[in-house]
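So the protein lines, in turn, are chains A and B. Going by the working numbering, the final residue of the first sequence carries number 198, and the count climbs one at a time with no gaps. Going by the working numbering, the final residue of the second sequence carries number 198, and the count climbs one at a time with no gaps. Just below is one structure, and these are the notes that go with it.
Protein chains: 2
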Amino acid sequence: MKLQEAKQQFISSWGAFGTHWGINRTMAQIHALLLISPDPLTQDDIMEDLNISRGNTNMNIRELINWGLVERVILPGERKEYFTAEKDIWKVVKQIVKERKKRELEPMMQLLDKLEDVEGDKKDKKVKTFVDTVSSIKRLGLQADKTLDVMIKAEENWFVSNLMKIFK
Amino acid sequence: MKLQEAKQQFISSWGAFGTHWGINRTMAQIHALLLISPDPLTQDDIMEDLNISRGNTNMNIRELINWGLVERVILPGERKEYFTAEKDIWKVVKQIVKERKKRELEPMMQLLDKLEDVEGDKKDKKVKTFVDTVSSIKRLGLQADKTLDVMIKAEENWFVSNLMKIFK
DNA sequence: ATATATTTTCAATATTTTTTGAAAGTTCGA
DNA sequence: TCGAACTTTCAAAAAATATTGAAAATATAT
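Written as structure tokens, this is what we have:
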């Protein structure tokens with residue numbers, strides 16, 4: 031397979047992949063493009079390569095920057111802004127985990143706290159099932175939270191060598 | 031907070047949560063409703079409770095069954111079908127992980143295998159960056175795959191007590 | 001067998017999400 | 001300070017996704 035074709039496939043399937051994870055197609059595609067670009071790219075480069083509008087490009091680059099996955103680069107003597115993606119995939123994964131934890135897991139845990147002390151007779155089957163469900167989700171959520179914290183701090187090597195040994 | 035209100039909040043935020051994970055709102059809501067229902071429910075119960083159409087209810091229950099999260103229950107002497115969700119959250123999580131691994135991770139790995147041996151001069155910076163990116167994603171993917179396999183087999187207790195100790 | 005209850009399908013519709021592109025805003029060199 | 005280069009915004013349009021509801025299919029009781 032030629033590089034050009036491989037590149038297309040990579041970008042397109044990374045985009046499709048993203049949509050299964052609540053990330054929009056374009057954002058994932060821009061990320062993919064930057065991941066495989068040896069040098070920083072401008073908005074115009076990205077627009078042209080992915081065939082998308084200026085506005086769309088701009089918004090999604092901005093969003094990638096918010097996620098901490100892309101950085102603005104100023105090249106000396108150049109007027110345009112350049113963009114580059116973190117290439118270390120382990121760092122990328124950790125960054126995504128960190129953001130999603132903050133954006134999704136933590137608010138969910140706060141809600142569960144409130145829901146756990148619903149009024150009503152604990153002998154009422156409906157109340158009991160509700161509280162049990164909420165509590166067990168909370169319990170698992172807390173574990174996940176702690177596990178992810180450790181993961182976020184870990185080095186890839188640590189993850190690979192130690193965790194893999196433990197996991198038989 | 032009264033049960034009724036807590037229930038609404040739980041269902042609605044479980045639905046919103048789902049949309050961040052590529053699951054449609056209704057499917058997640060039906061799942062939430064069944065999770066907190068002590069007894070199995072019929073399609074009509076679900077339609078009424080969530081205020082959604084018959085067709086929508088039917089399709090999403092079907093999808094939940096495909097995901098292995100909901101089961102059809104036949105109550106003796108009853109004409110209608112009843113539905114119930116697995117209540118053990120750890121089992122639920124494992125089931126979701128198992129399905130997503132099969133549906134998303136595995137096809138992605140297959141693609142990366144193909145893309146990794148792109149033609150071209152490895153000294154070409156573009157080719158090199160592409161191959162390096164693909165390879166490192168593949169490497170991490172393989173680790174994730176193995177880790178998830180172990181997790182799928184694990185008991186919650188095992189997960190909690192052992193993993194937590196290791197993770198300091 | 002027939003009538004009735006129940007489930008399933010799917011074209012049409014509604015809703016949500018994404019994308020566009022032109023105008024407004026900003027930056028920077030001369 | 002001006003004007004060109006570049007970036008950002010956002011209302012409108014397009015595209016993607018979800019939902020409805022009525023008709024068709026299926027199952028069950030009599």
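C-beta: ideal position from N, C-alpha, C; glycine also. If you're wondering where the values come from, they're calculated on a predicted model, not measured in any experiment.
| request: Mind listing, in chain order, the continuous beta strand (DSSP E) runs of no fewer than 3 residues lying wholly within the segment 70 to 112 of chain A? | output: List check, beta strand (DSSP E) in window: 100 to 103.
| query | Are there 16 or more other CB atoms within 10 angstroms of the CB of K183 (chain B), so buried, or fewer, so exposed? | reply | It counts as exposed.
| request: Within 10 angstroms of the Cβ of I76 (chain B), are there 16 or more other Cβ atoms? Answer buried if so, exposed if not. | output: I76 (chain B) sits buried, since 16 or more C-beta atoms from the chains shown fall within 10 Å of its C-beta.
| Can the beta-carbon of T114 (chain B) be found less than 9 Å from the beta-carbon of V100 (chain B)? | Yes, the pair counts as a contact, with Cβ atoms nearer than the cut-off.
| field | Three-state class that DSSP yields for A115 (chain A) in the structure shown | value | In the structure shown, A115 (chain A) sits in a strand (DSSP, three-state: E or B).
| task | Closer than 7 Å by beta-carbon distance: list the chain A residues that pair up with S166 (chain B), in chain order. | result | Per Cβ cutoff of 7 Å: I119.
| task | Please determine, among B:S67, B:H61, B:Q38, the residue with the shortest C-alpha to C-alpha distance to D162 (chain A). | result | Its Cα nearest to that of D162 (chain A), the residue B:S67 stands out among B:S67, B:H61, B:Q38.
| query | Cβ of W44 (chain A) versus every heavy atom of the ligand NAD: is any distance shorter than 8 Å? | reply | Of the ligands one can find in the structure shown there are none, so the ligand NAD has no counterpart to examine.
| query | What whole-angstrom Cβ distance do V123 (chain A) and L170 (chain B) have, given they're in contact under 8 Å? | reply | At roughly 7 Å, the Cβ-Cβ gap stays under 8 Å, so V123 (chain A) and L170 (chain B) are in contact.
| said: Does the contact criterion of 3 or more C-beta pairs under 8 Å hold for the segment 143 to 150 of chain B versus the segment 117 to 134 of chain B? | reply: With the cut-off at 8 Å, the segment 143 to 150 of chain B and the segment 117 to 134 of chain B do not touch.
| query | Using a beta-carbon distance below 9 Å, is A58 (chain B) in contact with chain A? | reply | Not one chain A Cβ lies under 9 Å of A58 (chain B).
| M138 (chain A) at chain B interface by Cβ criterion, 9 Å | Using beta-carbon distances, M138 (chain A) counts as an interface residue toward chain B, with a partner under 9 Å.
| Taking the alpha-carbon positions, what's the K37 (chain B) to L178 (chain B) distance? | Distance between K37 (chain B) and L178 (chain B), taken at the CA atoms: about 32 Å.
| request: Could I get the ranges of all uninterrupted alpha helix (DSSP H) runs contained in the segment 115 to 171 of chain A, with 4 residues as the minimum, in chain order? | output: Entirely contained in the segment 115 to 171 of chain A, the alpha helix (DSSP H) runs reaching 4 residues are, in chain order, 119 to 130, 136 to 146.
| Cβ neighbour criterion (16 or more within 10 Å) applied to T49 (chain A) | Exposed.
| request: Using a threshold of 9 Å, state whether the C-beta atoms of M57 (chain A) and N90 (chain A) are closer than that. | output: Result yes, Cβ atoms of M57 (chain A) and N90 (chain A) sit closer than 9 Å.
| field | Presumed contact (8 Å Cβ cut-off) between W51 (chain A) and W51 (chain B), rounded CB distance | value | Correct: roughly 7 Å between the Cβ atoms.
| said: Tell me the residue span of the alpha helix (DSSP H) that contains K43 (chain B). | reply: Rather than Lys, the amino acid found at residue 43 (chain B) in this sequence is Ser. For S43 (chain B), the enclosing alpha helix (DSSP H) covers residues 33 to 49.
| Using DSSP with H/G/I as helix, E/B as strand and the rest coil, what is A58 (chain A)? | Residue state, collapsed to three classes: helix.
| request: Enumerate in chain order the residues of its own chain whose CB-to-CB distance from E136 (chain B) is below 8 Å, with the five nearest sequence positions on each side excluded. | output: If we look at E136 (chain B) and ignore the five residues flanking it on each side, its Cβ neighbours are D175.
| message | Which same chain residues end up closer than 6 Å to E186 (chain A) when comparing Cβ atoms and leaving out the 5 residues on each side of it in sequence? | response | If we look at E186 (chain A) and ignore the five residues flanking it on each side, its Cβ neighbours are W120.
| Distance between beta carbons of V164 (chain B) and L33 (chain A), contact taken as under 8 Å | Contact doesn't hold; Cβ gap of about 11 Å is too wide.
| List, in order along the chain, the chain A residues whose C-beta lies closer than 8 Å to that of K32 (chain B)? | Residues of chain A whose Cβ lies closer than 8 Å to the Cβ of K32 (chain B) are, in chain order, V148, E149, G150.
| said: Let me make sure I understand the geometry here. Which of B:G150, B:I95, B:S166 has the alpha-carbon closest to that of E35 (chain A)? | reply: Comparing Cα positions, the closest option is B:G150.
| query | chain B partners of G52 (chain A), CB-CB under 8 Å? | reply | The contacting residues are T49, H50, W51, G52.
| Should F105 (chain B) be labelled buried (16 or more other beta-carbon atoms within 10 Å of its own) or exposed? | Checking the displayed sequence, the identity of residue 105 (chain B) turns out to be Leu instead of Phe. L105 (chain B) should be labelled exposed.
| task | Assign K198 (chain B) to buried or exposed, taking buried as 16 or more other Cβ atoms, counted over all protein chains shown, within 10 Å of its Cβ. | result | With a pLDDT of only 45 at K198 (chain B), under 50, the local geometry of the prediction cannot be trusted, and no value is derived from it.
| Is E186 (chain B) helix, strand or coil when you go by DSSP? | Helix at E186 (chain B).
| message | Measuring alpha carbon to alpha carbon, tell me which residue in A:E93, A:S83, A:Q73, A:F160 is nearest R109 (chain A). | response | Residue A:Q73 is the option with its Cα nearest to R109 (chain A).
| query | Do we get a CB-CB distance below 9 Å when we pair K128 (chain A) with the residues of chain B? | reply | No, K128 (chain A) does not count as interfacial toward chain B.
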